[in-house]
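These notes concern the structure reproduced below.
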Amino acid sequence: MRAVWMQGFALLLVACGKVKDPTPKGTVLFDWDRSAAKLHDMNDIAKEGAKHPVADAKIVEGPKAKAYTVNVKDVEGKVYSFDVDVESAKVSYPEKDKEITRWATTKVSAKLQENEAFRITGSCDNRMASVMGAIGEITDTMMDCRVVAKRPNSMGTEDAITHGVWMQIQGNGEIHIADPGVELVER
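182 is the number that my numbering gives to position 180 of the sequence shown; each next residue is one higher, with no gaps.
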């Protein structure tokens, strides 16, 4: 009798650690374009500022497309992956009474390719930042996108295990991910 009870308990634990409805392959995690670009609010970092000039900028070169696959394996070996497509262009717009040109992300999207066990969402921050070169020199733009994956633990506690991927997307279309457990592959 005790052996039957232990087997039932073990099956319950295994069943509790599974997401009932993992996010299906092909789900679009985010789809951002430059029309949503905002400045940072310098008075409150948590708020968006006015429309960023990139939103209406003249494209002078490009757009260039880059494609990546992001592969993630959590500490328990659960895997998910998604494709990221980035378009960037050299744009021109007025800034401080002069016309400037720099590279900027014009479109970025992500689509889920593989998912063993997670509920996965994604988003991009509409606020574009400036990359600084020499003192007072802005050389590029940058934006942040993130993907968050959640699943229950083996005891069934909802969203107990959370894994996130934070991506900095440079104006030239390059993606930087600081997490050494995440593989970024250009395709």
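Every residue gets a Cβ at the ideal spot worked out from N, C-alpha and C, and that includes glycine.
Every value quoted in this text rests on a predicted model; they were computed, and no experiment measured them.
K113 and E176 have their C-alpha atoms spaced approximately 18 Å apart.
Per DSSP, H54 lies in no beta strand (DSSP E) segment and is marked neither H nor E.
S111 carries a strand assignment under DSSP once its states are collapsed to helix, strand and coil. One Cα belongs to G79, the other to T164, and the distance between them is close to 13 Å.
About 7 Å separates the Cβ atoms of V93 and V62, confirming a contact at the 8 Å cut-off. In this structure, the straight-line span from the alpha carbon of V74 to that of S83 is close to 6 Å. If you draw a straight line from the Cα of G28 to the Cα of P55, it comes to about 33 Å. Non-local beta-carbon contacts of W34 in its own chain, meaning distances under 6 Å to residues more than five positions away in sequence, involve V110 and C126 in chain order.
For R189, the secondary structure class from DSSP, reduced to helix, strand or coil, is coil.
DSSP, reduced to helix, strand and coil, places S90 within a strand of the structure shown.
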